[in-house]
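Here's the structure, in structure tokens; my notes come after.
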Amino acid sequence: MSESSNRPPISLSPGQWSFTRWKTIGQLEALEVHHPLFQATIVLQGAHLAGFAPQGEADWLWMSPNTRFEPGRAIRGGIPVCWPWFGNPGKNAPEVRKRIHTESAHGFARTALWKLEDVRESAHEVEISLSLDANEDFNAVWTGHALALITFSFSVRGCQLALTTTNLGNDPLAFSQALHSYFPTSDITRTRVLGLGGSQYIDTLNNWEYRNQEGPVYFEGETDRIYESGEPVTIVTPRAGRKLSAVGSDSTVVWNPGPAKAARLSDFPATAWQSMLCVETANAGGDYRVLNRGQSHTLGVFIGRKA
Numbered sequence: 272m273s274e275s276s277n278r279p280p281i282s283l284s285p286g287q288w289s290f291t292r293w294k295t296i297g298q299l300e301a302l303e304v305h306h307p308l309f310q311a312t313i314v315l316q317g318a319h320l321a322g323f324a325p326q327g328e329a330d331w332l333w334m335s336p337n338t339r340f341e342p343g344r345a346i347r348g349g350i351p352v353c354w355p356w357f358g359n360p361g362k363n364a365p366e367v368r369k370r371i372h373t374e375s376a377h378g379f380a381r382t383a384l385w386k387l388e389d390v391r392e393s394a395h396e397v398e399i400s401l402s403l404d405a406n407e408d409f410n411a412v413w414t415g416h417a418l419a420l421i422t423f424s425f426s427v428r429g430c431q432l433a434l435t436t437t438n439l440g441n442d443p444l445a446f447s448q449a450l451h452s453y454f455p456t457s458d459i460t461r462t463r464v465l466g467l468g469g470s471q472y473i474d475t476l477n478n479w480e481y482r483n484q485e486g487p488v489y490f491e492g493e494t495d496r497i498y499e500s501g502e503p504v505t506i507v508t509p510r511a512g513r514k515l516s517a518v519g520s521d522s523t524v525v526w527n528p529g530p531a532k533a534a535r536l537s538d539f540p541a542t543a544w545q546s547m548l549c550v551e552t553a554n555a556g557g558d559y560r561v562l563n564r565g566q567s568h569t570l571g572v573f574i575g576r577k578a
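Structure below.
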């Protein structure tokens with residue numbers, strides 16, 4: 272799904288990195304990319320993309336100013352990896368739910384420590400790969416054995432995430448997931464999402480009823496919807512536009528907490544709902560996936576400029 276027309280970057284060991292360096296943010300280890308064409312930050316806990324911007328541009332992602340970078344604490348903003356389940360465990364399909372032994376939402380990957388696999392750099396692009404071996408160490412909260420491998424690709428055109436799940440267990444593995452992307456806006460009431468018109472969605476705020484989307488998605492208070500669509504979407508804000516092109520997805524989550532829920536959220540300013548939104552590339556709702564032993568599935572998104 273690469274958007275690059277250049278030759279692949281060259282794999283490098285730490286002593287050979289030209290643009291990538293280690294950094295401690297709060298209490299967490301991170302990789303910072305300072306490329307002449309762009310900048311990015313990846314936190315190893317959660318394989319969390321905490322920021323990306325082409326040189327001279329504002330950050331394309333939204334990060335809460337109240338975020339605390341602490342071990343075992345989810346990071347509010349950027350792109351959390353929700354895996355191997357998305358949302359409330361009880362709202363997942365029975366095949367997914369039967370593996371989960373906790374009430375915690377969004378899986379354990381976003382607070383687990385991922386392993387650095389590779390850094391590849393070129394004059395035009397940087398690729399970074401991280402992995403998480405979900406084995407018996409997670410038996411207290413989940414039953415299964417799977418390998419999650421995520422690759423981040425950065426260029427002046429945008430950023431790409433590809434999350435590949437491989438079932439290493441003997442039994443079929445059912446899972447749900449999302450790349451929980453937060454985006455900034457100067458005014459949520461003047462922001463809209465294009466590309467979902469005509470699709471059905473689950474309105475999780477109204478008894479999980481199915482509804483039809485007519486035209487663009489606008490925000491008029493708390494919004495929490497699972498759209499049955501994996502088509503490209505465009506986010507239009509007063510200052511910028513972003514196009515999201517997904518692979519391996521037939522569901523898209525659109526979320527904004529609104530004023531009441533924002534006041535209850537952790538690490539989230541009470542007024543921050545006015546300046547952010549989430550449009551998430553997902554395998555959620557009925558779009559959960561099942562893998563037999565040795566099979567893999569890749570969920571990915573390319574975030575670029577609005578055409």
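Using my numbering, you'd call the opening residue of the sequence shown number 272 and step up by one each time.
Glycine included, C-beta positions come from ideal geometry on N, C-alpha and C.
A direct Cα-to-Cα measurement between E392 and G492 gives close to 43 Å. The three-state secondary structure of W293, taken from DSSP, is strand. Each residue's CA atom was taken as its position, placing S284 and L302 some 13 Å apart. Taking R339 as the centre and dropping the five residues before and after it, the same chain places the C-beta of G297, D538 closer than 8 Å to its C-beta, in chain order. Taken atom to atom, the span from the alpha-carbon of Q448 to that of W288 is near 32 Å. Ranked by how close their Cα comes to the Cα of Q566, the residues G557, T436, P455 have T436 in first place. Here T312 is buried: its Cβ has 16 or more other Cβ atoms, across all protein chains shown, within 10 Å.
For I473 and E366, the gap between their C-alpha atoms comes out near 19 Å.
In the structure shown, A517 adopts extended strand secondary structure according to DSSP, grouped into three states.
Within the DSSP secondary-structure output, Q316 pairs in a beta bridge with L384.
Using a Cβ-Cβ distance cut-off of 8 Å, the stretch 517-537 and the stretch 488-503 are in contact, since at least three pairs of beta carbons, one from each stretch, lie closer than that value. Counting C-beta atoms within 10 angstroms of its own C-beta, P528 has 16 or more neighbours from the protein chains shown and is therefore classed as buried. For the 7 Å CB-CB criterion, Y453 and L332 form a contact. One thing to note: T508 has its Cβ within 7 Å of the Cβ of T462. Sixteen is the threshold: since fewer than 16 other Cβ atoms of the shown chains lie within 10 Å of the Cβ of G327, the residue is exposed. With a contact defined as Cβ atoms closer than 8 Å, I574 and L515 qualify at about 6 Å. By the C-beta criterion, the stretch 381-392 is judged not to be in contact with the stretch 552-560, since fewer than 3 inter-stretch pairs fall below 8 Å. Per DSSP, the beta bridge partners of H568 are T436.
With respect to the 7 Å criterion, L403 and L432 are not classified as neighbours on the basis of their beta carbons.
Here P503 carries a coil assignment [DSSP, helix/strand/coil]. Burial state of I281 is exposed, judged by a 10 Å Cβ sphere holding fewer than 16 other Cβ atoms. Rounded to whole angstroms, the separation of the alpha carbons of L420 and N441 is 19 Å. In the three-state DSSP reduction, P530 falls in the helix class (H, G or I).
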